[in-house]
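There are 2 protein chains.
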Amino acid sequence: MATKKKDKPIILITNDDGITAPGIRNLVEAVKDLGKVVVVAPDKPQSGMGHAITIGHPLRMHKVDIFGDTEAWQTTGTPVDCVKLAVDKILRRKPDLCLSGINHGANHSINVIYSGTMSAAMEASIESIPSIGFSLLDYSVEADFTASRFYIKKIVSALLQQKMDKHLLLNVNIPAVGLDLIKGVKVCRQAYAKYEEDFTERKDPHGKKYYWLTGEFINFDKGKDTDVWALQHNYISVVPVQFDLTNYTLKKQLEQKNLFK
Amino acid sequence: MATKKKDKPIILITNDDGITAPGIRNLVEAVKDLGKVVVVAPDKPQSGMGHAITIGHPLRMHKVDIFGDTEAWQTTGTPVDCVKLAVDKILRRKPDLCLSGINHGANHSINVIYSGTMSAAMEASIESIPSIGFSLLDYSVEADFTASRFYIKKIVSALLQQKMDKHLLLNVNIPAVGLDLIKGVKVCRQAYAKYEEDFTERKDPHGKKYYWLTGEFINFDKGKDTDVWALQHNYISVVPVQFDLTNYTLKKQLEQKNLFK
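Order-wise, the sequence lines are chains A and B. Just remember that the numbering used here sits 644 ahead of the position in the first sequence, which is counted from 1. Just remember that the numbering used here sits 644 ahead of the position in the second sequence, which is counted from 1.
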């Protein structure tokens, strides 16, 4: 990719923790020298929104001045709405790259499906915009993003030097350890893991029951090529993701069985 | 599968249009003779919720008596929440099969990613419950579900005769035509199609802008093995779906390039 100023790549940044979260600020800091950065992010936390879009009520957006020289907009929508609004109403063109995060908390294994961070990145990929979601395995608002910033800059720089597939979509998770302890970057597959739900039942002051969703993360997948394994061993995990959900193995089986004729 | 009454399969039914939608009533009617049906569905429409879960506020659920002999519960949660609540708090076991729908409107091609109907089915599949989402290509509340009921009974009966993979997940779409015009059932792959967004901009009475998400569906995929093709030719489309989103082709390419070292 050319390096002349006028050819700077346009980098759209969004997240699901909301525009004021430390994670998105650290993402902007990490890549602001690599292109022209524009932030379009939700005005409030949207964790667990998955690929939700807003169709039942209208959206609003406002320009905000919280990232110094970097243009930024907050919207009332979901992370996916933010990508759509950015392309159609703010940039009025496709950015060269979309980055989502840095999420406060893991989005490895099955979390890719629930994650607003990854859904925003997937939306960009569907729109033919190469895209990466970043997550740090630390829920704290006081998390240390030093290692994240270092490796994010490295990963984004490497990709900007390449001709990227227009649907390129990466799920990058970063272990919550110091820069000196990170062993490197590992390309992985998504581990088969899930949450064992355990709703916490409570009663309101009027004696009526309500439930909080809680759950324990369980990894069923012992493979050493998974994101969970890589993170447990202090690697940064990079899982290439696709939006064609067809199960081709099952497709073949069903065709052979000819069940529905 | 055994046919003795005590061995009747337990069929969990949910949807994303809400428990009072005609689609879910027709789904219950279609399969109530095939097992013990329990309905757990949202108390309001949840279209476009994708794989959203409710973590920021608690959930409530209430037993309702609107399906005759069939046990039914409405919850304040998303379709995915409904599956979790059903397994953990209502059935207190895994059902033998989970059915979601009948959605009022298409969930073919890329819609699988935005669809609350399919996300509920995917959640069940992650939980090792074979699962099917059904959608009729007719948004009307007065849609004719005759052909849907006929083919849904046929498909579910066929699967209940089989040993199903515990992660079996099917996305079934039904064309909005009469039973006599349907040519049969076709196992397909997900078409590559997307929405070209076009936000409708309006001004509120105070002069401030707001935006409605609208968009035009565009099919880029000319393959005759896709769900869009099948539906256009009056077939019922069955796309086997998976929740491993790893792009193995891109994984191999990235490993070969060794970009991030």
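Ideal Cβ placement from N, Cα and C applies to all residues, glycine included. Remember, predicted model here, so these are calculated numbers, not experimental data.
Beta-bridge pairing of residue i - partner residues as DSSP gives them
{"i": "Gln-718/B", "result": "Ala-685/B, His-706/B"}
{"i": "Ser-775/B", "result": "Cys-742/B, Leu-813/B"}
{"i": "Gly-615/B", "result": "Any answer about residue 615/B is impossible in this case: the structure gives chain B only from 645 up to 905."}
{"i": "Tyr-758/B", "result": "Tyr-758/B is not bridged to any residue."}
{"i": "Ser-881/A", "result": "Asn-817/A, Lys-830/A"}
{"i": "Lys-680/B", "result": "Ile-654/B"}
Residue nearest to residue i in terms of C-alpha spacing, selected from the options
{"i": "Gln-834/B", "options": "Leu-889/A, Leu-903/A, Trp-856/A, Arg-736/A", "result": "Leu-889/A"}
{"i": "Val-731/B", "options": "Ser-691/B, Val-672/B, Ile-655/B, Lys-688/B", "result": "Ile-655/B"}
{"i": "Ala-696/A", "options": "Asp-660/B, Pro-702/B, Asp-677/B, Thr-719/B", "result": "Asp-660/B"}
{"i": "Leu-781/B", "options": "Ile-734/B, Gly-745/B, Pro-774/B, Asn-891/B", "result": "Gly-745/B"}
{"i": "Tyr-855/B", "options": "Ala-674/A, Thr-658/A, Met-705/A", "result": "Met-705/A"}
{"i": "Ala-874/A", "options": "Phe-904/A, Val-816/A, Thr-844/A, Asp-848/A", "result": "Val-816/A"}
{"i": "Gly-867/A", "options": "Tyr-836/A, Lys-853/A, Gln-897/A, Thr-844/A", "result": "Tyr-836/A"}
{"i": "Asp-713/A", "options": "Ile-818/A, Arg-669/A, Gln-806/A, Gly-828/A", "result": "Arg-669/A"}
{"i": "Thr-844/A", "options": "Ile-699/B, Pro-849/B, Leu-823/B", "result": "Ile-699/B"}
{"i": "Ser-753/A", "options": "Val-724/A, Thr-858/A, Val-872/A, Thr-722/A", "result": "Val-872/A"}
{"i": "Glu-771/B", "options": "Lys-810/B, Ile-826/B, Ala-685/B, Ile-862/B", "result": "Lys-810/B"}
{"i": "Asn-751/B", "options": "Lys-895/B, Ile-776/B, Asp-740/B, Lys-901/B", "result": "Ile-776/B"}
{"i": "Lys-728/A", "options": "Thr-858/B, Gln-718/B, Lys-896/B", "result": "Thr-858/B"}
{"i": "Tyr-879/B", "options": "His-850/B, Ile-826/B, Leu-898/B, Ala-765/B", "result": "Ile-826/B"}
{"i": "Thr-720/A", "options": "Pro-739/B, Leu-823/B, Phe-794/B, Lys-853/B", "result": "Lys-853/B"}
{"i": "Cys-742/A", "options": "Thr-658/A, Ser-691/A, Pro-689/A, Val-785/A", "result": "Thr-658/A"}
{"i": "Thr-722/A", "options": "Met-762/A, Arg-736/A, Lys-738/A, Arg-737/A", "result": "Met-762/A"}
{"i": "Pro-702/B", "options": "Ser-691/B, Asp-725/B, Val-829/B", "result": "Asp-725/B"}
{"i": "Glu-786/B", "options": "Asn-747/B, Tyr-892/B, Gly-828/B, Gln-900/B", "result": "Asn-747/B"}
{"i": "Pro-689/A", "options": "Arg-736/A, Ser-759/A, Gly-828/A", "result": "Ser-759/A"}
{"i": "Lys-901/B", "options": "Thr-893/A, Gln-805/A, Asn-891/A", "result": "Gln-805/A"}
{"i": "His-877/B", "options": "Gly-828/B, Tyr-892/B, Glu-899/B", "result": "Gly-828/B"}
Nearest-angstrom Cβ-Cβ length linking residue i and residue j, presumed shorter than 8 Å
{"i": "Val-883/A", "j": "Cys-832/A", "result": "5 Å"}
{"i": "Phe-887/B", "j": "Met-766/B", "result": "6 Å"}
{"i": "Pro-666/B", "j": "Phe-778/B", "result": "At roughly 13 Å, the Cβ-Cβ gap does not stay under 8 Å, so Pro-666/B and Phe-778/B are not in contact."}
{"i": "Phe-904/A", "j": "Ala-802/B", "result": "6 Å"}
{"i": "Gln-718/B", "j": "Asp-677/B", "result": "Contact flag wrong, Cβ pair sits at about 24 Å."}
DSSP-derived helix/strand/coil call for residue i
{"i": "Thr-893/A", "result": "helix"}
{"i": "Ser-784/A", "result": "coil"}
{"i": "Phe-794/B", "result": "helix"}
{"i": "Ile-826/B", "result": "coil"}
{"i": "Leu-852/A", "result": "In the sequence on display, residue 852/A carries Lys and not Leu. Here Lys-852/A sits in coil by DSSP."}
{"i": "Thr-870/B", "result": "strand"}
{"i": "Leu-903/A", "result": "coil"}
{"i": "Lys-652/A", "result": "coil"}
{"i": "Thr-844/B", "result": "strand"}
{"i": "His-812/A", "result": "Here residue 812/A turns out to be Leu, not His, going by the sequence shown. Leu-812/A falls in the coil class under three-state DSSP."}
{"i": "Arg-833/A", "result": "strand"}
{"i": "Pro-819/B", "result": "coil"}
{"i": "Ile-699/B", "result": "coil"}
{"i": "Asp-660/B", "result": "coil"}
{"i": "Asn-751/B", "result": "coil"}
{"i": "Lys-838/B", "result": "strand"}
{"i": "Gln-886/B", "result": "coil"}
{"i": "Lys-733/B", "result": "helix"}
{"i": "Ser-766/A", "result": "It should be pointed out that residue 766/A corresponds to Met in this sequence rather than to Ser. Looking at Met-766/A - three-state DSSP - the assignment turns out to be helix."}
{"i": "Lys-728/A", "result": "helix"}
{"i": "Gln-876/A", "result": "helix"}
Same chain, Cβ closer than 8 Å to residue i, neighbours up to 5 away in sequence not counted
{"i": "Glu-860/B", "result": "Tyr-839, Glu-840, Asp-842"}
{"i": "Ala-716/B", "result": "Ile-663, Val-682, Val-683, Val-684, Ala-685, Lys-707, Val-708, Asp-709, Ile-710"}
{"i": "His-850/A", "result": "none"}
{"i": "Arg-846/A", "result": "Lys-853, Tyr-854, Tyr-855, Trp-856"}
{"i": "Gly-749/B", "result": "Ser-691, Ser-779, Leu-780, Leu-781, Asp-782, Tyr-783"}
{"i": "Asp-848/B", "result": "Tyr-854"}
{"i": "Lys-738/A", "result": "Val-731, Glu-771, Ser-772, Ile-773"}
{"i": "Val-672/B", "result": "Ile-657, Val-681, Val-683, Phe-711, Thr-714"}
{"i": "Val-830/A", "result": "What sits at residue 830/A in the sequence shown is Lys, not Val. So the list reads Ala-874, Tyr-879, Ile-880, Ser-881, Val-882, once near-sequence residues are dropped."}
{"i": "Ile-862/B", "result": "Ala-837, Lys-838, Tyr-839, Glu-840"}
Cut-off 6 Å between Cβ atoms - residues of its own chain near residue i, not counting five sequence neighbours on either side
{"i": "Lys-652/B", "result": "Gly-679, Lys-680"}
{"i": "Lys-797/B", "result": "Ala-674"}
{"i": "Val-885/A", "result": "Leu-813, Asn-815"}
{"i": "Tyr-795/A", "result": "Ile-880"}
{"i": "Ile-818/B", "result": "Leu-780, Ser-792, Ile-880"}
{"i": "Gly-694/B", "result": "Tyr-758, Ser-763"}
{"i": "Ala-768/A", "result": "Val-727, Cys-742, Ser-775"}
{"i": "Gln-897/B", "result": "none"}
{"i": "Leu-894/A", "result": "none"}
Closer than 7 Å: residue i CB and nearest the ligand ZN heavy atom
{"i": "Ser-763/B", "result": "As far as ligands go, the structure on display features none, and thus does not contain the ligand ZN."}
Cβ neighbours of residue i in the same chain (closer than 7 Å, five flanking residues each side left out)
{"i": "Asp-865/B", "result": "Ala-835, Tyr-836, Ala-837, Val-872"}
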